[in-house]
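J.: Supplied in structure tokens, the structure appears directly below.
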Amino acid sequence: MDRCARYKIIYYGFMKKTILITGCSSGFGMISAARLSSLGYTVYASMRDLSKKNDLKVELDRRNTSCHMIELDVCNDESIQRSIDTITDKEGKLDILINNAGYGIGGFFEDLSEKEIRDQFETNFFGVQKVTRIALPLMRKTAMKSEDIFSTKIVNVSSAQGRSALPGLGAYGSSKFALEGFSEGLHFELYPFGIEVVLLEPGTFSTKAIDDNSKEAKSGLNAQSPYIEFTNRLKDLHTKILDTRRGVGDPEDVAIIIEKIIKRKKNKLRYLAGAQAKIRVGLRSILPFNWFSKIILKITMGISK
């Protein structure tokens, strides 16, 4: 092999972005991993339990592509470190980190135990911090070697719930509000190093993406709960929305937005995904809160304020 060919391999090897995505056993993570792999990126699709990789494998096969599947528990420092070490050894760089792993627990505050709320934060908030903290040294080195400023990016998958909370989803919403604050602060802190931080805020998406990443407060099923009427109403509303698919998005749309974020040289801090998210957050930002509150109470709990 001549010297020119050797340099081309080295050059294009570095230009081909390496991406780590958490939470790839289903939903946004799975679809994004498959889509980005099909576009030629080097993708490390991680999940807590590799025995659940079959859906991802099917999706990869459907698109005639492949990726690296690795075990990563966002709540376990050693697991995260092993994953970053693997990427360091094999690629020597990490261009894109997509913090996608998370779940939503449904239930009114009094129906949720302290443990259920702490577990929600452990995955959705502290898990993101753990992965980011361990990945940053490698990402900083990657950014320093890159000629394109801000081509190294962290994409934190938040939620419209991080901008506008709803009854019965307070624990989930508050974990996403925390993620929004963390990400905004990190946006400024990493700016001097040429690392861009972006928030992606999806609304309601397809049934499987929701079902695979949702839990319900154990006590919320108790008929003696003071919130049982409202819990049942919200469950019926949720089912109706999914059955009619009004405002329900396709996870592929989220993967497309992530693709655009990666390709775009300079991004906004926040991107909403889905019609439902854009409408609700838009109304929340332009209406006086008392007006907005009337709408939410009427739709979700059947209460006229």
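Following the working numbering, the numbering of the sequence shown begins with 18 at its first residue and continues without gaps.
By construction, the Cβ of each residue, glycine as well, lies at the ideal position given by its N, Cα and C atoms.
Since this is a predicted model, take the numbers as computed values, not measurements.
Check whether the segment 159-166 touches the segment 241-261, counting contact only when three or more Cβ pairs, one atom from each stretch, lie closer than 8 Å.
T.: no
J.: For the alpha helix (DSSP H) containing Met156, name the first residue and the last one.
T.: Gly144 to Lys162
J.: Excluding sequence positions up to five away, which residues of its chain have a Cβ less than 7 Å from the Cβ of Leu186?
T.: Gly121, Gly123 and Gln178
J.: Near Lys170, what residues of its chain come up, given a Cβ to Cβ distance below 8 Å and the 5 sequence neighbours on each side ignored?
T.: Asp112, Ile113, Leu114, Ile212, Glu213, Val214, Val215, Ile278, Ile279 and Asn284
J.: So what does Pro219 bridge to, in DSSP terms?
T.: Ala290
J.: Let me know if Leu304 comes out buried or exposed under the rule of 16 or more other beta-carbons within 10 Å of its beta-carbon.
T.: exposed
J.: Would the segment 125-145 and the segment 47-62 be scored as touching if the rule is three or more Cβ pairs under 8 Å?
T.: no
J.: So, with DSSP's three-state summary, where would you put Ala240?
T.: Three-state DSSP puts Ala240 in coil, outside helix and strand.
J.: Count the other C-beta atoms from every protein chain shown that fall within 10 angstroms of the C-beta of Glu201, then say buried if there are 16 or more, exposed otherwise.
T.: exposed
J.: Report the three-state DSSP secondary structure of Ile320 (helix, strand or coil).
T.: coil
J.: Taking its Cβ as the centre, do 16 or more other Cβ atoms sit within 10 Å of Phe194, making it buried, or is it exposed?
T.: buried
J.: Would the beta-carbon of Ile97 fall within 9 Å of that of Ala152?
T.: yes
J.: If you follow the alpha helix (DSSP H) that Val75 is in, where does it begin and where does it stop?
T.: Asn71 to Arg79
J.: Excluding five sequence neighbours on each side, which residues of the same chain lie with their C-beta closer than 6 Å to the C-beta of Ile27?
T.: In this prediction, Ile27 scores a pLDDT of 43, lower than 50, which makes its location untrustworthy; no coordinate-derived value is stated.
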